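The block underneath contains the structure these notes are about, expressed in structure tokens.
In our numbering, the protein residues as written are 2 to 522.
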């Protein structure tokens with residue numbers, strides 16, 4: 002008789018701690034931590050969170066690098082049903098204020114500073130405007146002599162009976178994480194990822210990739226994104242291998258880590274892969290150990306795949322396609338794919354995933370016809386949180402509308418044909434121009450703004466924003482760039498700003514973005 006799989010993330014970690022014990026689960030810097038270590042520290046953090054007064058259904062934010070403390074907080078919160086809101090260290094005031102208010106975060110766990118930015122000072126500015134926020138807790142240091150830090154949680158005395166009761170209340174339908182994904186309305190949407198949806202996606206990926214206890218994954222994908230937490234951490238938790246945590250992507254550092262801890266699996270977005278291949282320094286990396294390379298985030302060009310194959314000759318190559326709303330991977334290249342399929346398609350749904358193609362008015366299209374790709378199964382979320390909760394995540398028949406155009410052939414293999422919305426992917430990060438346009442329009446000298454994605458050989462796509470200044474205003478591209486850098490994540494900051502006297506309009510008076518795209522250049 003088959004033993005039922007654990008239904009929550011906390012239970013899954015506990016099972017892995019029994020099964021794998023002293024085997025390495027992750028490496029952070031110079032130290033390796035076992036599955037038993039992670040489970041023990043998660044219990045300690047869980048007791049610390051309970052001591053703060055947090056209960057099942059409450060939410061905390063984590064703003065940190067890929068580091069042990071991120072995992073300790075995530076697993077500790079998951080054990081007692083507290084939801085983690087993922088926050089990037091690239092976010093700034095306006096983005097973080099919105100996320101905390103929208104998801105009603107009670108405590109934020111943050112690095113004190115990073116890249117010359119003072120996060121403690123920022124939270125001091127924001128706190129008076131955030132009524133649900135009860136405290137800001139430093140991960141690497143205290144904000145003041147009287148402030149709390151993560152070390153205090155790790156020093157909280159264990160209360161086994163209290164913890165056991167709290168863990169028993171957690172359901173697979175509870176939210177484990179909220180990931181904000183840029184929407185088309187100018188505000189990010191909080192995707193509600195449950196224990197079930199994250200584990201379903203991770204299990205489907207682990208099974209498809211044939212993850213095992215001998216695998217090691219070098220992980221630079223950020224943990225506040227499904228590419229890091231589900232495709233990396235949870236998939237390897239289920240497979241039983243080891244993660245080498247990369248604090249943040251820097252090609253030279255990633256290659257140094259690969260030389261020190263040779264991976265069997267290499268994964269990342271195309272930009273990362275391109276930069277790794279461009280690094281000319283010679284390192285004694287055992288590429289022969291790599292058995293699988295997966296590339297996700299955007300279409301992968303044939304040249305990059307060929308270069309990866311030449312560098313890692315024994316590795317199978319796969320495309321990976323997923324969304325925040327699918328909790329992780331949805332589609333991957335089959336093991337038995339042809340070279341043409343690898344170069345031109347994204348593969349088939351994994352696990353119990355299914356795909357269908359719809360017309361703009363919702364009619365189901367047959368194979369070979371281009372329309373919107375819609376998915377269900379394999380981790381698709383049930384809904385959004387906060388202000389986006391009123392909008393259903395799925396249609397009446399339970400399908401997630403991806404917003405991507407594509408075609409499915411008679412074999413079930415999917416080919417992407419483009420995006421039905423304006424979103425573009427810059428260096429692996431999804432950017433919706435309308436969100437940036439909404440922000441730029443707040444500038445007192447701006448009258449009109451329109452953004453599009455344009456091709457870029459390194460980043461895949463970058464943002465170009467056309468600006469019309471108010472009459473008589475003295476506005477420069479440099480001024481707008483500074484304005485954006487102060488409040489937006491760096492990957493959302495326009496790479497190109499074009500100042501115009503006017504913009505093309507449709508007969509209805511709307512900005513004619515298609516005409517801007519047709520200008521080229």
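Even glycine gets a Cβ: it sits at the ideal position worked out from N, Cα and C. Just so you know, these numbers come straight off a predicted model, no measurement behind them.
ask   = Rounded C-beta distance between residue 345 and residue 416? I'm assuming under 8 Å.
value = Distance from residue 345 to residue 416 at the Cβ level is roughly 6 Å; contact confirmed, criterion being Cβ atoms closer than 8 Å.
ask   = Can a CB atom of chain B be found closer than 7 Å to the CB of residue 137?
value = Absent from the structure is chain B; it holds one protein chain and no more.
request  = Return the Cβ separation of residue 179 and residue 104 in integer angstroms, given the expectation that the two are a contact with Cβ distance under 8 Å.
outcome  = Confirmed, Cβ separation roughly 5 Å.
inquiry  = Which residue wins for smallest C-alpha separation from residue 359, given the options 371, 331 and 163?
reply    = Nearest to residue 359 by C-alpha distance, out of 371, 331 and 163, is 371.
Every unbroken beta strand (DSSP E) within the segment 77 to 106, with a cutoff of 3 residues, ordered by chain = Listed in chain order, the complete beta strand (DSSP E) runs (minimum 3 residues) inside the segment 77 to 106 are 84 to 88.
message = Check this for me: beta carbons of residue 333 and residue 209, under 7 Å apart or not?
response = Yes, these two residues count as a Cβ contact at 7 Å.
key: Segment contact flag, the segment 278 to 297 with the segment 432 to 443, C-beta cutoff 8 Å, min 3 pairs   = No, the segment 278 to 297 is not in contact with the segment 432 to 443.
query = Okay, do the segment 238 to 246 and the segment 22 to 40 touch, 3+ Cβ pairs below 8 Å being the bar?
reply = Yes, they touch.
Touching by the beta-carbon criterion (3+ pairs, under 8 Å), the segment 452 to 467 and the segment 373 to 389 = Contact between the segment 452 to 467 and the segment 373 to 389 is absent, because fewer than three Cβ pairs lie under 8 Å.
ask   = What are the start and end residues of the beta strand (DSSP E) that includes residue 462?
value = Segment 461 to 470, the beta strand (DSSP E) holding residue 462.
Helix, strand or coil at residue 355 [DSSP, three-state] = Note: residue 355 maps to strand in three-state DSSP.
query = Got a sec? Which residues, its chain only, sit under 8 Å from residue 506 by beta carbon, not counting five neighbours each side?
reply = So the qualifying residues of the chain are 512 and 513.
request  = Go through its chain and collect everything with a Cβ distance to residue 498's Cβ below 7 Å, but skip five positions before and after it.
outcome  = Close CB contacts of residue 498 within its chain, under the 7 Å cut and outside five residues either way in sequence, are with 466, 468, 478, 481 and 482 (chain order).
query = From what residue to what residue does the beta strand (DSSP E) around residue 27 run?
reply = Taken as a continuous stretch (DSSP letters only), the beta strand (DSSP E) holding residue 27 covers 25 to 29.
ask   = Looking at C-alpha atoms only, which residue of 109, 247, 239 and 204 is the closest neighbour of residue 224?
value = Selected option, being the one with the closest Cα: 247.
task = Just list the beta strand (DSSP E) runs in the segment 176 to 222, keeping only unbroken ones of 3 residues or longer that don't cross its boundaries, in chain order.
result = Here the runs fully enclosed are 176 to 182, 190 to 195 and 217 to 220.
inquiry  = Relative to the C-alpha of residue 464, which candidate in 426, 401, 11 and 233 has its C-alpha closest?
reply    = When only C-alpha atoms are compared, the closest one is 426.
Alpha carbon of residue 55 to alpha carbon of residue 194, nearest angstrom = For residue 55 and residue 194, the distance between alpha carbons rounds to 19 Å.
request  = Ignoring anything shorter than 4 residues or poking outside the segment 469 to 501, list the alpha helix (DSSP H) runs there in chain order.
outcome  = Taking only runs of at least 4 residues, the alpha helix (DSSP H) segments lying wholly in the segment 469 to 501 are 478 to 488.
ask   = Would DSSP call residue 1 helix, strand or coil?
value = Limits of the chain in this structure are 2 at one end and 522 at the other, which puts residue 1 out of reach.
task = Enumerate in chain order the residues of its own chain whose CB-to-CB distance from residue 37 is below 7 Å, with the five nearest sequence positions on each side excluded.
result = Answer for residue 37: 18, 22 and 23, listed in chain order.
ask   = Counting pairs of Cβ atoms below 8 Å between the segment 365 to 381 and the segment 317 to 327, do you hit three or more?
value = They touch, by the three-pair rule.
ask   = How would you label residue 503, buried or exposed, when you count the other beta carbons within 10 angstroms and need 16 or more for buried?
value = Its Cβ having fewer than 16 others within 10 Å, residue 503 is exposed.
query = Cα separation between residue 329 and residue 515?
reply = Computed Cα separation, rounded: 32 Å.
key: Boundaries of the beta strand (DSSP E) in which residue 137 is found, first to last residue   = Where residue 137 is concerned, the enclosing beta strand (DSSP E) stretches over 136 to 139.
request  = Work out the CA separation of residue 220 and residue 268 for me, nearest whole Å.
outcome  = Answer to the nearest angstrom: the Cα atoms are 7 Å apart.
inquiry  = For residue 37, report the span of its alpha helix (DSSP H) as first-last.
reply    = Membership of residue 37 in the alpha helix (DSSP H) is indicated by the continuous run 36 to 52.
message = If I measure Cβ to Cβ from residue 365 and keep anything under 8 Å in the same chain, skipping five residues before and after, which residues do I get?
response = Scanning its chain for C-beta atoms nearer than 8 Å, with the 5 sequence neighbours on each side dropped, one finds around residue 365 the residues 357, 358 and 359, in chain order.
ask   = If you count every other CB in all the chains shown that lies within 10 Å of the CB of residue 254, and 16 or more means buried, which is it?
value = Exposure of residue 254 is indicated by the presence of fewer than 16 other C-beta atoms within 10 angstroms of its C-beta.
task = Could you check the C-alpha separation between residue 64 and residue 139 for me, to the nearest Å?
result = Using only the alpha carbons, I get a separation of about 10 Å.
ask   = In the structure shown, what three-state DSSP assignment does residue 283 receive?
value = The answer is coil: DSSP assigns residue 283 none of H, G, I, E or B.
ask   = From 73, 117, 167 and 495, pick the residue whose C-alpha is nearest to that of residue 90; which is it?
value = Ranking the options by Cα distance to residue 90, first place goes to 117.
message = Using the Cβ count rule (16 or more neighbours within 10 Å means buried), how would you classify residue 159?
response = Per the 10 Å Cβ criterion, exposed.
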